[in-house]
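Undergrad:
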Amino acid sequence: MFSSSTLDLPTHIDSAELGFGKSLAFDASSTSLIGFLKHSLSIILDNQDSKQIFYFLLLNLSYMFVQLAYGVWTNSLGLISDAIHMFFDCLALGVGLFASVMSKWPSNQKYSYGYNRIETVAAYFNGVFLVLISVSIVMEAIQRLLHPPEMSTQRLLLVSFIGLVVNLVGIFAFNHGHAHGHSHGHDHGHSHGHDHGHHHGHSANMQGVFLHIMADTLGSVGVIISTLLIQWFGWTGFDPIASLFIAILIVLSVIPLIRQSAAVLMLELDDHVVNQVEGTLEELKSMDGVARIDMPRFWPNEAETLIGSLHVLVKDGVDTQAMRRKVTEHLLSHIGGLKELCVQVELESSARLSRLNNAQHHKGFFHTPTYPVSSSIASVNYRSSVVPLPTFANEQSSSPAPSTFATPPPPPSAVSMHSMMSAAVTKQTKKE
């Protein structure tokens, strides 16, 4: 769809925004551990999403320690195993919480775009982690179907009910926070819809955390139902069957998150964004004074924001600054989610001169020195015998090309090499 050139145009002009100047923002690498923790805690409590994760993480950790202590006290392997499972859930919540904090860190020399994409990495991690948990559940369920274990349904029912209450509190907290204002606005005077697979409109990181809570909730519900069925019918096979059903639901719900996170990490654009960009570029080509558009680049910075750059060639005599403002305003108002944009406007004559100079001074990595056949011939199509450039229709010369070609002089390096070799041979002959 777009140009395959490897040139990446900068999206920032101010060096302070890139992190190459002094910044008053917090620098995690140059602060003590206590200061780092205090600053991180302030970031957590200032943001609604991270605050929800933090409170629910504390609740989960508290219940995990209670469950672990009760399991050790009663010598219950099931409770100890469930406490270990909750520890991994808390680990996933911690990853999401850390990503939420890290995404607020300022940009620096190594990460000029900041750390926003770390939330996408955390979402991908949590998605893959949920798939692995589902695989382990399936393997355990198959083993229990083949070899049904003895089960204490009374104790299991109590623990599952408490776990269900804890997870319902987490679901309520997330939905309550969303209802109080997770709306995505844009200040470019346009409206558009986003459908990136976000559950309840949360970011990818919040969706990963929410899916973990949903998986635990489904697990508790499945255990409660299977426990009641075991009590009524006396067959322990209901427990692994419920586990298989829950594992399938988890995988089906987490696959969109993994695909979406991987697409953002691979800088993939959604189809509706591609259509917006292509349509807008076609409109730019029809503007008065625009000759050609080169190297359009548009990629996602986060799941809902875009960064773009392009090179616009305009006809001679056009005001480049006015054209740059016009192109920038048009792109920002017609492409949804476009957050940062770099537009380079250049006159056609300047572009031709730059290409001619680049062709005449180009040196490859394994370059053998050569010379143009004739300066008059080389300038007909702004070509060089070293690097052939495409011929432009309006650059053809009206004069016919000469029928004879001048013999190029030998390179100085070759002459020097020949003289040295001749002298060495003569000296060797005299010795003999």
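Using the working numbering, read the sequence shown as starting at 607 and increasing by one per residue.
Glycine included, every Cβ here is placed at the ideal spot set by N, Cα and C.
Thinking residue 848 and residue 831 are a contact (beta carbons under 8 angstroms), I'd like their distance in whole angstroms, please.
TA: By one-based count along the sequence shown, residue 848 stands at place 242. By one-based count along the sequence shown, residue 831 stands at place 225. Rounded, the Cβ-Cβ distance is 6 angstroms, consistent with contact.
Undergrad: Could you check where the beta strand (DSSP E) with residue 929 kicks off and where it finishes?
TA: What you label residue 929 is simply residue 323 of the sequence shown in a count that begins at 1. Per DSSP, residue 929 belongs to no beta strand (DSSP E); it is in the alpha helix (DSSP H), 926-940.
Undergrad: If I measure Cβ to Cβ from residue 755 and keep anything under 8 angstroms in the same chain, skipping five residues before and after, which residues do I get?
TA: Position 149 of the sequence shown holds residue 755. The residues are 842.
Undergrad: Taking the DSSP output, what are the residues bridged to residue 917?
TA: In the sequence shown, the residue the question calls residue 917 occupies position 311. The partner list for residue 917 (beta bridge, DSSP) reads 900, 950.
Undergrad: Cα separation between residue 820 and residue 777?
TA: Translated into the one-based positions of the sequence shown, residue 820 becomes position 214. Translated into the one-based positions of the sequence shown, residue 777 becomes position 171. Computed Cα separation, rounded: 7 angstroms.
Undergrad: Put residue 906 into one of helix, strand or coil per three-state DSSP.
TA: As a working note, residue 906 is residue 300 in the sequence shown. Residue 906: strand per DSSP, three-state reduction.
Undergrad: So the alpha helix (DSSP H) residue 813 belongs to, where does it begin and stop?
TA: Residue numbering aside, residue 813 sits at position 207 when the sequence shown is read from its first letter. Per DSSP, residue 813 belongs to the alpha helix (DSSP H) from 810-839.
Undergrad: Going by DSSP, which residues form a beta bridge with residue 855?
TA: To locate residue 855, count along the sequence shown from 1; it is residue 249. Its beta-bridge partners do not exist; DSSP assigns none.
Undergrad: Does the count of Cβ pairs from the segment 864-875 and the segment 732-743 closer than 8 angstroms reach three?
TA: Cβ pair count under 8 angstroms is three or more, so yes.
Undergrad: Find the nearest neighbour of residue 953 within the set 811, 647, 714, 896, judged by alpha-carbon distance.
TA: As a first step, residue 953 is located in the sequence shown; it is residue number 347 there, counting from the start. If we check each option's Cα against that of residue 953, 896 comes out closest.
Undergrad: Looking only at DSSP bridge pairs, what is residue 912 linked to?
TA: Counting from one through the sequence shown, the residue named residue 912 turns up at place 306. DSSP lists 906, 944 as partners of residue 912.
Undergrad: By DSSP, does residue 641 sit in helix, in strand, or in coil?
TA: Here residue 641 corresponds to residue number 35 of the sequence shown, with the count starting at 1. It is helical.
Undergrad: For the alpha helix (DSSP H) that contains residue 745, what are its first and last residues?
TA: One-based indexing of the sequence shown puts residue 745 at position 139. 724-752 is the extent of the alpha helix (DSSP H) around residue 745.
Undergrad: Less than 8 angstroms between the CB atoms is what I'm expecting for residue 852 and residue 828, so what's the real figure, rounded?
TA: Start at 1 with the first residue of the sequence shown, and residue 852 comes out as number 246. Start at 1 with the first residue of the sequence shown, and residue 828 comes out as number 222. Yes, they are in contact, since the Cβ atoms of residue 852 and residue 828 sit about 5 angstroms apart, within 8 angstroms.
Undergrad: With a threshold of 16 other CB atoms inside 10 Å of the CB of residue 839, please say whether the residue is buried or exposed.
TA: Counting from 1 along the sequence shown, the entry for residue 839 is found at position 233. Exposed.
Undergrad: What separation, rounded to the nearest whole angstrom, lies between the Cα atoms of residue 1079 and residue 823?
TA: Residue numbering for the chain in the displayed model covers 607 to 1038; residue 1079 lies beyond these limits and cannot be assessed.
Undergrad: Taking the alpha helix (DSSP H) that residue 885 falls in, what are its first and last residues?
TA: By 1-based counting over the sequence shown, the position of residue 885 is 279. From DSSP, the alpha helix (DSSP H) with residue 885 extends over 877-891.
Undergrad: Taking buried to mean at least 16 other C-beta atoms within 10 Å of its own C-beta, is residue 695 buried or exposed?
TA: Within the sequence shown, the letter at position 89 stands for residue 695. So residue 695 counts as buried.
Undergrad: Helix, strand or coil, according to DSSP, for residue 716 in the structure here?
TA: Counted from its first residue, the sequence shown places residue 716 at position 110. The answer is coil: DSSP assigns residue 716 none of H, G, I, E or B.
Undergrad: Give the DSSP-derived three-state secondary structure of residue 922 in the structure shown.
TA: For the purposes of this step, residue 922 is identified with residue 316 of the sequence shown, where counting begins at 1. In the structure shown, residue 922 sits in coil (DSSP, three-state: anything other than H, G, I, E or B).
Undergrad: Check whether the Cβ atoms of residue 639 and residue 662 sit closer than 8 angstroms, and answer yes or no.
TA: Here residue 639 refers to the residue found at position 33 of the sequence shown. Here residue 662 refers to the residue found at position 56 of the sequence shown. The answer is no: Cβ separation not under 8 angstroms.
Undergrad: Please report the Cβ distance between residue 911 and residue 932, rounded to the nearest whole angstrom; I am assuming they are in contact, meaning their Cβ atoms lie under 8 angstroms.
TA: Here residue 911 corresponds to residue number 305 of the sequence shown, with the count starting at 1. Here residue 932 corresponds to residue number 326 of the sequence shown, with the count starting at 1. Actually they are not in contact, since the Cβ atoms of residue 911 and residue 932 sit about 23 angstroms apart, beyond 8 angstroms.
Undergrad: When we look at the beta-carbon of residue 915 and count the other beta-carbons within 10 Å, is it buried (16 or more) or exposed?
TA: Here residue 915 is taken as the residue at index 309 of the sequence shown, counted from 1. Classification of residue 915: buried, given that the 10 Å Cβ count is 16 or more.
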